[in-house]
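Heads up, the thing below is written out as structure tokens.
2 protein chains.
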Amino acid sequence: MTDAKSTEEKILEAAKQEFLEKGFSGARMEAIAQRAGINKALLHYYFRNKERLFEEVFAYFFRQILPGLRQIVESDAPVLDKMDRFVQHYIDFLRRNPDLPLFIMHELRTGPKERLRSLVEKKMTEFEYVRSFIMQIAMAGARGEIRAVPPLHIVLNVVSMCVFPFVARPMLMGVTGISETDFEELLEQRKTVVADFIRAALKP
Amino acid sequence: MTDAKSTEEKILEAAKQEFLEKGFSGARMEAIAQRAGINKALLHYYFRNKERLFEEVFAYFFRQILPGLRQIVESDAPVLDKMDRFVQHYIDFLRRNPDLPLFIMHELRTGPKERLRSLVEKKMTEFEYVRSFIMQIAMAGARGEIRAVPPLHIVLNVVSMCVFPFVARPMLMGVTGISETDFEELLEQRKTVVADFIRAALKP
DNA sequence: GTCTATAATTTGATAGAC
DNA sequence: GTCTATCAAATTATAGAC
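Going line by line, the protein sequences match chains A and B. Heads up: the first sequence begins at 1 in the numbering used here, then just goes up one per residue. Heads up: the second sequence begins at 1001 in the numbering used here, then just goes up one per residue.
Here's what the structure looks like:
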């Protein structure tokens, strides 16, 4: 197919980059136009204003926040295996989208509160899977399959350990002084280290 | 004493709030002036421009990022006890400064890269303690006191589990639908849950 | 649909009186 | 030190030709 991207697609692509790098208030319409290889006026032709363009981009990223969770949660593997799979899959995903979490968190924190509510209402599906997962963990705990730890905290721990390195990346590299490639290596190790850590922590 | 705050202090106080809430690019000098009960001109009298005022504020917050670490690391308690103490102490600190991590991370990510370097050079003391802690963990692992897990990953895990709930707070409350007070309760529980989790994960 | 030119607004910063 | 008034620059948004 390799058909040239439509102008609208080019704009969205450019806007994603700019907003991701600078955040809403730091992003510049002019910069987005340049990235897209067009001029400002055309931005406003396709998307009325900065706010609307941002909403489009933000909603797109928000939908991606927990990819592939369904497959994992709905399978009939033991919960510990599901956690393994989640950790591996999620860290790989974040390596391809390293700025996503910080972007979402910052905009959720600084932006208007309606932003979250409207999105949660539409895209509750992923969140349903989170709740399902929590239930499954609770049941596994009840039947002694794993150690009794409050399920919500378990999920929090798992996600924390996956996401945090990406959020804290600049600090981490500043403190340890490790290189770009060492950091990548660290993330690769982390897929198994974190999975092991969780298994050990939940051993009955 | 109860002496009225000096104008400079009022400005800094106001600037901390504004920058913390909105970030550098989202903050408005006008808003800071209003919060401080003065006018814009006076801001520029005390701090030449927005950038300088921000640097002041940012450096202040940055210094606070790992409070009380020294006491914990330098004591001669077993490493696991130190981790307990760190978790309890750090979560309590973050409850009093819930927006600190996200603010630092976002500005480190979006701001000029010199920002980090200059601060790291000055305030390496806290980071030294982190490195000491990592060494202590490595040694504890070598003598079988804890399970053999790469020390850097252990520290990452500990910090992750403490910090992440604060970074992800809006998302967390959106997903689970829990109330403000329930969230506080969750954090309180977390002090012991996380400490336990780590102990279990590191049991030889 | 796309552009150039320009308006309208916001916002950081300064001049100068008190 | 503090204020009012104002400027200059940056930035979003629109008008109108092609």
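Just so it is clear, CB atoms sit at the ideal spot from N, CA and C, and this is done for glycine as well. The model shown is predicted, which means the values in this text are computed figures rather than measured ones.
| Asked | Found |
| --- | --- |
| Backbone secondary structure at LEU108/A - three-state DSSP | helix |
| CB contact below 8 Å: ALA200/A versus chain B | yes |
| CB-CB length for VAL1155/B against ILE1178/B, believed under 8 Å | Going by Cβ atoms, the distance from VAL1155/B to ILE1178/B rounds to 29 Å, so no, they are not a contact pair. |
| 8 Å Cβ cutoff met for ARG70/A and TYR129/A | yes |
| Range of the contiguous alpha helix (DSSP H) that encloses VAL1175/B | 1169 to 1176 |
| Beta carbon proximity, GLU1021/B to chain A, threshold 8 Å | yes |
| Cβ neighbour criterion (16 or more within 10 Å) applied to ASP1182/B | exposed |
| The stretch 10 to 29 of chain A touching the stretch 1098 to 1116 of chain B, judged by at least three CB pairs closer than 8 Å | yes |
| Contact under 8 Å by Cβ, PHE1061/B with LEU1100/B | yes |
| DSSP state of ASP196/A mapped onto helix, strand, coil | helix |
| Closest Cα partner of GLN208/A within the set ALA59/A, ILE198/A, PRO150/A and LYS113/A | Chain A is shown only over 1 to 204; residue 208/A falls outside these bounds and no answer can be derived. |
| Exposure label - GLU1188/B; buried when at least 16 CB within 10 Å | exposed |
| CB contact check: PHE1054/B to chain A, cutoff 8 Å | no |
| Residues that THR1125/B contacts on chain A, provided the C-beta gap is smaller than 8 Å | In chain order: nothing, as chain A lies at least about 12 Å away. |
| Cβ of SER160/A within 8 Å of any chain B Cβ | yes |
| Interface flag, HIS106/A vs chain B, CB-CB below 8 Å | yes |
| Rounded separation between LEU1202/B and MET1083/B - CA only | 11 Å |
| Terminal residues of the alpha helix (DSSP H) in which ASP1076/B lies | Segment: none, ASP1076/B is in no alpha helix (DSSP H) and carries neither H nor E. |
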